[in-house]
Amino acid sequence: MDRHHCDTRKIDPTRGTTLGDGSPNDQNRIEIGPTQLAMCEWEAADITLPNLVDMRSYRHR
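When we follow UniProt numbering, the leftmost residue of the sequence shown carries the number 1, and every step to the right adds one.
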């Protein structure tokens, strides 16, 4: 019991306001593309995540 609660953080402070694909990190979206599980697996495999914001803007041009 020498560890303080702050030493075992549950939230990763390195995560920003967007996910790796450029979409908002607000946990409020319908998955029509890669799921969080897929993104975690890609990150673990050191695969570059697609930037969905750029892909969507390209498609809508």
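All residues carry an ideal CB built from backbone N, CA and C; glycine is no exception. These numbers come from a predicted model, not from an experiment.
With distances taken Cα to Cα, identify the nearest neighbour of residue i among the options.
i     : options                    : result
Leu19 : Ala45, Tyr58, Arg59, Ala38 : Ala38
Met49 : Arg3, Arg61, Thr35, His4   : A small correction: the amino acid at residue 49 is Leu; Met does not occupy that position in the sequence shown. Comparing Cα positions, the closest option is Thr35.
Within the same chain, show all residues whose beta-carbon is closer than 6 Å to that of residue i, passing over the 5 residues directly before and after it, in chain order.
i     : result
Asn25 : Thr17, Thr18, Leu19
Name the DSSP beta bridge partners of residue i, please?
i     : result
Pro24 : Thr18
Going by beta carbon distance, what residues of the same chain come within less than 7 Å of residue i, once the five residues before and after it are set aside?
i     : result
Leu52 : Asp21, Gly22, Ser23, Gly33
Glu41 : none
Under the three-state reduction of DSSP, which class applies to residue i: helix, strand or coil?
i     : result
Leu49 : coil
Asp2  : coil
Arg56 : helix
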